[in-house]
Structures are given as C-alpha cells and as structure tokens.
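Student:
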Amino acid sequence: MSYRVVVDPEKCVGCGACVRACAYGVLELIDDLAYAVRPGECRGCGDCVKACEQGAIEVLQAGSGKS
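This note's numbering numbers the first residue of the sequence shown as 55 and each following residue consecutively.
Below, the structure written as structure tokens:
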C-alpha cells in the first residue's frame with residue numbers, strides 16, 4: 055500500500071517538527087513550509103502527523119481522492 059503526505063500551507067508554521075519526526079526523509083522545509091519532497095518513501099506511520107502541533111499534516115492512502 056502506498057501513502058502520501060498532505061501539508062496544509064495555511065496551518066504550517068515551518069517549525070520543522072514533522073521533518074525531525076519522519077524517519078524516512080519524506081519531508082523538508084522549503085521557504086519555511088513543510089513539503090513532501092520524497093513522497094514515494096512514505097510508509098504511512100503517521101509520526102509526522104503526531105509531531106505537528108498545528109494539525110497541518112495528513113497521511114492519506116494514495117488514490118484516496120482527497121488533495
């Protein structure tokens with residue numbers, strides 16, 4: 055099963071907690087916002103979601119239709 059990380063730029067404050075929490079290197083901060091730069095590496099563990107105090111991140115199953 056494959057997953058994808060969706061970051062809400064309206065909620066992201068660029069703190070980097072999600073980047074530090076991701077053991078797979080999926081996320082990086084670019085211009086003070088988190089981006090999924092290696093989306094194919096996501097394993098759906100949800101550590102980034104748990105680390106984000108702003109509620110800016112979702113991990114979805116690929117093909118779920120939500121963007």
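The beta carbon of each residue, even a glycine, is placed where N, CA and C say it ideally should be.
(1) DSSP beta-bridge partners for Q115?
(2) Are the beta-carbon atoms of Y57 and A116 separated by less than 8 Å?
(3) Please state if the CB of V73 and the CB of R92 are separated by a distance shorter than 8 Å.
(4) Leaving out the 5 sequence neighbours to the left and right, which residues in its chain are closer than 7 Å to E82 when beta-carbon positions are compared?
(5) To the nearest angstrom, how far is it from the Cα of Q108 to the Cα of G70?
Tutor: According to the structure data:
(1) Partner(s): Y57.
(2) Taking a C-beta distance under 8 Å as the contact criterion, Y57 and A116 qualify as a contact pair.
(3) No, the Cβ-Cβ distance between R92 and V73 is not below 8 Å.
(4) Non-local C-beta neighbours of E82 in its own chain, meaning closer than 7 Å and more than five positions away in sequence, comprise V73, Y89 and V91, ordered along the chain.
(5) When the Cα atoms are used, Q108 and G70 turn out to be separated by approximately 11 Å.
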